[in-house]
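Protein chains in written order, with the working numbering: chain X, 641 to 754; chain R, 216 to 326.
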Amino acid sequence: DTEVTQTPKHLVMGMTNKKSLKCEQHMGHRAMYWYKQKAKKPPELMFVYSYEKLSINESVPSRFSPECPNSSLLNLHLHALQPEDSALYLCASSQGLAGTDTQYFGPGTRLTVL
Amino acid sequence: DQQVKQNSPSLSVQEGRISILNCDYTNSMFDYFLWYKKYPAEGPTFLISISSIKDKNEDGRFTVFLNKSAKHLSLHIVPSQPGDSAVYFCAAKTGANNLFFGTGTRLTVIP
């Protein structure tokens, strides 16, 4: 089983709203990731968690706040977003952070900020 | 600066023929390469990978070739099937687990 699930599938929010994206995997993976993908562009890394600790933050604005409550769950809390933050947000997981550890992706959450 | 490039945004191939998708990279520190397939409204699905110590890896209809001196990677699909129609991303990484993706090639397999 290589399934990563993400909820919700679609989210529309205003610039003053607070919302959260959720990601779950039950593969026993110890590394989890958030990526952002704009239309016709490749996915870009936002955050990496390893053993529930933040190990990489790719200079993401503080209006995006990740949280890893346990090894199976990864959340992305959103607050005061801008319309340019509208994108597909992808979660991924891998066994660890070794170079040969393949990342498996969820289906994504399509976010629209009005 | 795009470290992984896919210069062909689209490719059309007849069913049963070979599909060849190409990828170039600039960072000589990359040591692991992957191909992902992406359908609309879905996340990327892992297809096949290759370590920099190899020059070929095969899995069923999919073969990945790596030419380190040319910094070039290719994915061969033989025979191509209509279900293979999707966007294909190549990706590369160094020892850390930051994946750098190419911009993708849309493959259309014509029945």
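We put the beta carbon where it would ideally sit given N, CA and C, even for glycine. The structure presented is a predicted model; accordingly, all values stated were derived computationally and were not measured.
Of the choices R/Lys286, R/Leu281, R/Ser295, whose alpha-carbon is the least far from that of R/Lys269?
As a first step, residue 269 of chain R is located in the second sequence; it is residue number 54 there, counting from the start. When each option's Cα is compared against that of R/Lys269, the closest is R/Leu281.
Please return the same chain residues whose Cβ sits closer than 7 Å to the Cβ of R/Val219, not counting the five positions on each side in sequence.
Reading the second sequence from its first residue, position 4 is the one you call residue 219 of chain R. Cys238, Tyr240, Cys305, Ala306, Ala307, Phe315, Phe316, Gly317.
For R/Val228 and R/Val324, believed in contact at Cβ under 8 Å, the rounded distance
For the purposes of this step, residue 324 of chain R is taken as the residue at position 109 of the second sequence. For the purposes of this step, residue 228 of chain R is taken as the residue at position 13 of the second sequence. So it is a contact: roughly 6 Å between Cβ atoms.
Among all the DSSP beta bridges, which residues are the ones paired with X/Tyr744?
Position 104 of the first sequence holds residue 744 of chain X. Its beta-bridge partners are X/Ser733.
Which residues does DSSP list as the beta-bridge partners of R/Ala307?
Translated into positions along the second sequence, residue 307 of chain R becomes position 92. Paired residues: R/Phe248, R/Phe315.
Please report how far the alpha carbon of R/Phe277 lies from the alpha carbon of X/Cys731, in whole angstroms.
Walking along the second sequence from the start, residue 277 of chain R turns up at place 62. Walking along the first sequence from the start, residue 731 of chain X turns up at place 91. Rounded to whole angstroms, R/Phe277 to X/Cys731 spans 25 Å at the Cα level.
Check whether the Cβ atoms of X/Ser705 and X/His717 sit closer than 8 Å, and answer yes or no.
On the first sequence, residue 705 of chain X is found 65 positions in, with the first residue counted as 1. On the first sequence, residue 717 of chain X is found 77 positions in, with the first residue counted as 1. Their beta carbons are under 8 Å apart, which means X/Ser705 touches X/His717 by this criterion.
What residues in the stretch 663 to 680 of chain X bring their beta carbon closer than 7 Å to a beta carbon of chain R?
Those would be Ala671, in chain order.
Selection from R/Pro294, R/Leu288, R/Val293 that minimises the alpha carbon distance to R/Asn242
Taking the first residue of the second sequence as position 1, residue 242 of chain R is located at position 27. Comparing Cα-Cα distances from R/Asn242 to each of R/Pro294, R/Leu288, R/Val293, the minimum goes to R/Leu288.
For R/Asn237, report the span of its beta strand (DSSP E) as first-last.
Here residue 237 of chain R corresponds to residue number 22 of the second sequence, with the count starting at 1. 234 to 240 is the extent of the beta strand (DSSP E) around R/Asn237.
With a cut-off of 8 Å, does the C-beta of R/Glu273 fall near any C-beta of chain X?
Locating residue 273 of chain R in the second sequence gives position 58, counting from the first residue. No, R/Glu273 lies away from the interface with chain X (no Cβ there is under 8 Å from its Cβ).
C-alpha distance - R/Met244 paired with X/Tyr689, whole-angstrom precision:
Here the question's residue 244 of chain R lines up with position 29 in the second sequence. Here the question's residue 689 of chain X lines up with position 49 in the first sequence. So the two alpha carbons sit approximately 23 Å from each other.
May I have the straight-line CA-CA distance separating X/Tyr729 from R/Leu236, to the nearest angstrom?
Against the first sequence, residue 729 of chain X aligns to sequence position 89. Against the second sequence, residue 236 of chain R aligns to sequence position 21. Between X/Tyr729 and R/Leu236, the C-alpha separation is close to 26 Å.
Nearest chain X C-beta to R/Pro255 closer than 8 Å, yes or no?
As a position in the second sequence, residue 255 of chain R is number 40, starting the count at 1. It does not; no Cβ of chain X falls within 8 Å.
R/Thr260 versus X/Arg750, X/Gly746, X/Leu754, residue with shortest Cα-Cα distance:
Counted from its first residue, the second sequence places residue 260 of chain R at position 45. Checked all of X/Arg750, X/Gly746, X/Leu754; the closest Cα to R/Thr260 is X/Gly746.
Looking at chain R, is there any beta carbon in it that lies within less than 8 Å of the beta carbon of X/Pro701?
As a working mapping, residue 701 of chain X is identified with position 61 in the first sequence. Not one chain R Cβ lies under 8 Å of X/Pro701.
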